[in-house]
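Chains as they are written, first to last, in this note's numbering: chain A, 59 to 301; chain B, 59 to 301; chain C, 59 to 301; chain D, 59 to 301.
Glycine included, C-beta positions come from ideal geometry on N, C-alpha and C.
These figures come from a predicted structure and were not determined experimentally.
The next block holds one structure in the form of structure tokens; read it before the comments.
Take a look at the structure:
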């Protein structure tokens with residue numbers, strides 16, 4: 059894959075933090091990263107996404123070691139990012155969120171996340187649930203706090219665009235930052251619609267062919283929402299702060 | 059039908075974009091149009107509704123060709139508008155939205171949208187579900203991207219005021235912009251109330267006679283909410299930006 | 059009952075319109091009134107509650123005739139107010155709303171509104187459902203558009219503090235404006251909590267004795283929320299505008 | 059336990075009032091306190107939390123008598139605080155709220171609050187329901203208005219971090235103010251997720267070992283959300299005012 063220049067990545071990464079916080083996809087927790095080279099990625103230091111500025115971005119190797127050390131705290135779960143970049147060369151951006159609809163579906167073993175509308179056709183590429191007990195037993199803190207757990211998560215993700223993490227959250231990938239932000243927002247909406255309908259009756263889901271066709275059409279237009287979201291979220295530094 | 063002057067249409071059309079975005083009926087997607095002559099209508103260029111200004115409005119023929127060409131992108135689904143105006147001479151405005159309650163009911167085959175209160179009596183004129191598979195097979199991107207699909211949608215709409223589009227959204231019509239905006243907002247509320255009640259027990263719906271009588275009474279007062287919505291939504295250019 | 063001076067009533071009545079609109083109890087429709095003498099009450103002219111100022115208040119007789127005529131439009135449903143004041147000398151303020159939780163419970167014949175917490179003990183005094191078909195047949199517009207329908211509504215209300223109106227909304231009464239506003243806000247919250255629980259399992263409701271004891275305790279403290287609501291809602295003239 | 063200096067407590071206590079109001083955990087009712095010495099605690103005078111300033115804080119003995127008398131009104135339910143501090147020397151802060159998800163679960167006897175995700179592992183230490191009828195009969199106003207009721211509540215709380223109060227609200231404890239605020243916000247989110255899932259199917263809850271491990275990991279990072287919440291809630295004095 060080709061890479062945007064570092065300055066473009068940094069600017070979009072700051073905006074992505076603000077946008078995801080503004081719309082309640084990230085609260086004080088969760089994080090978003092971007093690949094800057096085949097073996098490097100950018101991620102903020104340990105802080106609330108809504109408050110991230112360009113000065114807070116760190117460069118990491120895929121081993122999740124910062125390229126330039128310093129007196130900052132790091133995200134415990136940076137291994138989500140490093141291991142997915144290692145296993146998925148097509149991925150340019152990774153978002154780890156705790157958005158409520160995705161958490162809810164992750165708890166319901168008989169209710170897989172499925173594509174309900176054209177805005178989230180990408181879900182049809184798979185939406186596995188990561189059960190950390192299968193890898194690490196039933197007494198963990200559920201966090202992806204080392205490379206081994208990150209590799210298990212990446213293996214379960216496989217070629218999908220999203221993975222639900224039982225009792226924890228979700229991780230979404232895209233070819234670049236705007237793509238991953240788009241998917242994070244509409245995956246949550248898909249979950250909310252699916253949950254609303256599931257309490258009432260049988261749903262008609264997209265066929266796989268519909269989902270892939272819709273993904274191709276809609277994801278070609280990602281710059282349209284991106285510009286709107288920038289305007290709404292980036293003018294005020296922490297307009298939501300939602301818990 | 060008579061037509062408002064072009065400048066009145068343009069002013070209301072800009073306001074309608076802002077209002078529908080402010081209240082979450084449109085996000086970065088969806089669109090609103092207005093007929094300006096028996097064989098012409100106005101619609102914004104391809105952009106987020108919350109950001110539309112008077113300079114962004116294009117004039118179209120019913121074939122969905124812009125009257126004046128230019129270097130702008132067009133909405134892929136402008137055929138929703140052109141074909142409904144062709145089939146329904148009584149219609150002066152068309153709104154295509156993805157509002158969540160309407161999307162949810164569109165997924166539930168055993169749960170048709172029905173009029174639950176006096177604010178949305180117009181639903182009793184019919185609320186068919188457009189299943190694109192019946193027309194174009196089960197591998198489309200669900201978009202109404204040509205005149206043929208637009209004509210199928212318009213035929214299924216028939217004489218109704220609203221049509222749900224399975225896995226996609228809804229399209230609402232009115233005699234003018236304010237009328238269609240009113241219906242879009244209250245159709246979504248009707249859907250939310252209906253969904254909330256449907257998970258619990260049996261609902262009492264309006265009789266057809268009640269619905270038509272309520273429609274006549276309430277829709278005579280549309281200027282009252284319109285002025286409020288203008289005040290709330292049009293002072294700040296993109297106050298919501300909701301995804 | 060004693061009456062506040064007209065200027066106090068007017069000031070609280072303007073604030074009540076703003077507060078009820080700010081918190082989504084009223085949208086562009088619905089209205090709030092206050093009794094100013096045994097046989098008179100104040101009510102705004104026909105307009106969105108969020109935009110009401112002191113200049114918009116009209117004085118009415120219990121026959122719902124304005125004391126001073128003028129070129130203003132009147133609310134069609136002013137008879138809700140006049141007839142309740144006639145039948146209930148203890149009532150100093152009446153609010154007619156379309157708040158969604160109350161509308162939803164009004165549709166569900168097997169689910170009466172019941173007091174779920176100490177904040178809305180007043181519901182235990184009764185929460186009848188007005189079925190307009192019993193009085194006026196099944197082809198009305200559901201509106202209380204004359205004194206006869208208002209008298210039927212008031213008779214069904216009886217000695218209760220709230221009445222649900224099937225397919226339409228609710229009407230809430232209080233000894234004064236602040237009391238009725240308090241009840242309107244917490245009746246809606248009671249409905250939302252009740253609906254949320256009803257989809258899951260059996261609820262434990264307040265006993266009648268608990269409800270009356272809670273009503274006495276909590277309603278003695280109404281000035282505390284009122285001051286907060288004034289601060290939140292009355293600084294900006296139409297901060298919500300919610301449809 | 060050690061104690062923060064009085065001025066730190068006061069500053070955090072004012073912020074806690076603002077934060078809890080901003081995010082809808084407290085409305086005009088509910089209160090938050092902090093222990094300032096083994097036998098003393100601070101609590102605002104009787105007022106809406108969103109409006110509390112440093113001048114409104116009172117110092118109390120564990121008997122819930124103000125150390126310095128004055129012409130102010132006191133919270134009726136200050137005994138919740140005094141008796142929990144007496145029974146739980148490990149507790150540095152107590153929050154009494156009416157947040158809707160916790161109220162709803164408190165009504166559902168067959169649905170105990172359980173830990174659904176890593177953000178609220180503390181729930182696994184127990185989440186008993188206080189049924190005031192067991193102590194004081196079925197005709198109370200549900201309020202904890204004396205030391206005897208406070209002692210019963212504290213006894214039912216036992217060593218847990220949260221207690222639901224049927225038909226009333228919840229009380230949450232923490233080792234200090236930030237800890238209790240954190241738990242109040244995420245207990246409500248846990249309840250909302252649990253309610254959303256419970257209407258659909260069987261949930262997978264955290265094991266006790268997972269919950270305790272997650273509690274240890276996540277609660278070590280409480281300063282991260284605190285700073286964000288301060289930024290969001292404390293700039294504007296009463297930004298929500300939510301009823």
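I need the straight-line Cα distance from residue 135/A to residue 172/C, nearest angstrom please.
Counted from its first residue, the first chain places residue 135/A at position 77. Counted from its first residue, the third chain places residue 172/C at position 114. The straight-line gap from Cα to Cα measures roughly 47 Å.
Looking at chain C, which residues of the segment 246–259 of chain B have a Cβ within less than 8 Å of any of its Cβ atoms?
247, 250, 251, 254, 255, 257, 258 and 259
For the alpha helix (DSSP H) that residue 162/D lies in, which residues bound it at each end?
The count along the fourth chain starts at 1 and reaches residue 162/D at position 104. From DSSP, the alpha helix (DSSP H) with residue 162/D extends over 158–165.
Excluding the 5 residues flanking residue 297/C on each side, which residues of the same chain have their C-beta closer than 6 Å to its C-beta?
Stepping through the third chain from its first residue, residue 297/C is reached at position 239. With a pLDDT of 43 at residue 297/C, under the threshold of 50, the modelled position of that residue is not reliable, and the figure given next carries that caveat. For residue 297/C, where only same-chain residues beyond five positions count, the Cβ hits under 6 Å are 80.
At the 8 Å Cβ level, is residue 183/D part of the contact set with chain A, yes or no?
Reading the fourth chain from its first residue, position 125 is the one you call residue 183/D. No, because no Cβ of chain A sits closer than 8 Å to the Cβ of residue 183/D.
Can you have a look at residue 214/D and say buried or exposed, based on whether 16 or more other CB atoms are within 10 angstroms of its CB?
Taking the fourth chain and counting its residues from 1, the one referred to as residue 214/D is at position 156. That one is buried.
Could you confirm whether any beta carbon from chain A is found closer than 8 Å to the beta carbon of residue 147/D?
Indexing the fourth chain from 1 puts residue 147/D at position 89. Residue 147/D does not count as touching chain A.
Does residue 129/A come within less than 8 Å of chain D when only Cβ atoms are used?
Locating residue 129/A in the first chain gives position 71, where the first residue counts as 1. Answer no: the Cβ-Cβ gap between residue 129/A and chain D never drops below 8 Å.
For residue 170/D and residue 186/D, what's the separation of their Cα atoms in angstroms?
As a working mapping, residue 170/D is identified with position 112 in the fourth chain. As a working mapping, residue 186/D is identified with position 128 in the fourth chain. Computed Cα separation, rounded: 8 Å.
For the structure I just gave you, are there three or more beta carbon pairs, one from the segment 261–275 of chain C and one from the segment 89–97 of chain D, closer than 8 Å?
no
With 16 as the cutoff for other CB atoms within 10 Å, does residue 126/B come out buried or exposed?
One-based indexing of the second chain puts residue 126/B at position 68. Exposed, by the Cβ-count rule.
Alpha carbon to alpha carbon, how far is residue 161/C from residue 249/C?
Against the third chain, residue 161/C aligns to sequence position 103. Against the third chain, residue 249/C aligns to sequence position 191. Straight-line Cα distance between these residues: approximately 9 Å.
In whole angstroms, what separates the C-alpha of residue 244/D from that of residue 120/C?
In the fourth chain, counting from the first residue as 1, residue 244/D sits at position 186. In the third chain, counting from the first residue as 1, residue 120/C sits at position 62. Near 51 Å, if we compare the C-alpha coordinates of residue 120/C and residue 244/D.
State yes or no: is the C-beta of residue 188/A within less than 8 Å of the C-beta of residue 165/A?
Here residue 188/A refers to the residue found at position 130 of the first chain. Here residue 165/A refers to the residue found at position 107 of the first chain. No; because the gap between Cβ atoms is not below 8 Å, this pair is not in contact.
Identify whether residue 123/B lies in helix, strand or coil by the three-state DSSP scheme.
Here residue 123/B refers to the residue found at position 65 of the second chain. It is coil, neither helix nor strand.
Enumerate, from N- to C-terminal direction, the unbroken alpha helix (DSSP H) stretches of 4 or more residues contained entirely within the segment 157–233 of chain D.
Correct list: 158–165, 190–194 and 205–215.
What is the rounded straight-line gap between the Cα of residue 106/C and the Cα of residue 86/C?
By one-based count along the third chain, residue 106/C stands at place 48. By one-based count along the third chain, residue 86/C stands at place 28. About 4 Å.
Could you list the residues in the segment 62–96 of chain A with a C-beta less than 9 Å from some C-beta on chain D, going in chain order?
79, 85, 86 and 87
Beta-carbon within less than 7 Å of residue 200/D's beta-carbon, same chain only, minus the 5 sequence neighbours each way: which residues are those?
As a working note, residue 200/D is residue 142 in the fourth chain. Contacts found: 190, 225 and 226.
Just grab the DSSP bridge partners of residue 152/A for me.
Within the first chain, the letter at position 94 stands for residue 152/A. According to DSSP, residue 152/A bridges with 91/A and 231/A.
Find the residues of chain A that neighbour residue 174/D, judging by a C-beta separation of less than 9 Å, and give them in chain order.
In the fourth chain, the residue the question calls residue 174/D occupies position 116. Chain A residues near residue 174/D: 161, 162, 165 and 225.
Please tell me whether, using a cut-off of 7 Å, the distance from the CB of residue 287/A to the nearest non-hydrogen atom of the ligand COA is below it.
In terms of ligand content, the structure shown is empty, and the ligand COA therefore cannot be addressed.
Would residue 169/D count as contacting chain C if we go by Cβ distances under 8 Å?
The count along the fourth chain starts at 1 and reaches residue 169/D at position 111. At least one CB atom of chain C sits nearer than 8 Å to the CB of residue 169/D.
Can you pull the chain B residues whose beta carbon is under 7 Å from the beta carbon of residue 200/C, in chain order?
Within the third chain, numbered from 1, the residue matching residue 200/C stands at position 142. Those are 176, 268 and 272, listed as they occur along chain B.
Can you tell me the Cβ-Cβ gap for residue 152/C and residue 142/C, rounded? I've got them flagged as a contact below 8 Å.
Here residue 152/C refers to the residue found at position 94 when the third chain is read from its first residue. Here residue 142/C refers to the residue found at position 84 when the third chain is read from its first residue. About 5 Å separates the two Cβ atoms, so the contact holds.
Work out the CA separation of residue 102/B and residue 74/B for me, nearest whole Å.
Here the question's residue 74/B lines up with position 16 in the second chain. Here the question's residue 102/B lines up with position 44 in the second chain. For residue 74/B and residue 102/B, the distance between alpha carbons rounds to 11 Å.
Residue 140/B and residue 205/B: beta carbons closer than 8 Å?
The residue given as residue 140/B occupies position 82 in the second chain. The residue given as residue 205/B occupies position 147 in the second chain. The answer is yes: Cβ separation under 8 Å.
Here's a check: name, in chain order, each residue in its chain whose Cβ is nearer than 6 Å to the Cβ of residue 251/D, leaving out the five neighbours to either side.
Within the fourth chain, numbered from 1, the residue matching residue 251/D stands at position 193. Taken in chain order, the residues that qualify are 174.
Considering just the uninterrupted stretch of the beta strand (DSSP E) at residue 100/B, what are its terminal residues?
In the second chain, counting from the first residue as 1, residue 100/B sits at position 42. Element bounds for residue 100/B: 98–102.
Residue 108/A versus chain D: which residues are under 7 Å apart at the beta carbon?
Position 50 of the first chain, counted from the first residue, corresponds to residue 108/A. What residue 108/A touches in chain D: 286.
What span of residues does the alpha helix (DSSP H) with residue 106/A cover, start to end?
Within the first chain, the letter at position 48 stands for residue 106/A. Residue 106/A -> no alpha helix (DSSP H), and no H or E assigned at all.
May I have the straight-line CA-CA distance separating residue 154/D from residue 229/D, to the nearest angstrom?
The residue given as residue 154/D occupies position 96 in the fourth chain. The residue given as residue 229/D occupies position 171 in the fourth chain. Approximately 4 Å between the Cα atoms of the pair.
Who are the Cβ neighbours of residue 234/D in its own chain at under 8 Å, not counting the five residues just before and after it?
Here the question's residue 234/D lines up with position 176 in the fourth chain. Excluding sequence neighbours, residue 234/D sits near 62, 70, 92, 150 and 151.
Please state the DSSP three-state secondary structure of residue 261/B.
The residue given as residue 261/B occupies position 203 in the second chain. Residue state, collapsed to three classes: strand.
Within 10 Å of its beta-carbon, does residue 157/A have 16 or more other beta-carbons around it, so buried, or fewer, so exposed?
The count along the first chain starts at 1 and reaches residue 157/A at position 99. When all chains shown are included, residue 157/A counts as buried.
With a threshold of 8 Å between beta carbons, is residue 121/C in contact with chain B?
Position 63 of the third chain, counted from the first residue, corresponds to residue 121/C. Chain B contact via Cβ: absent.
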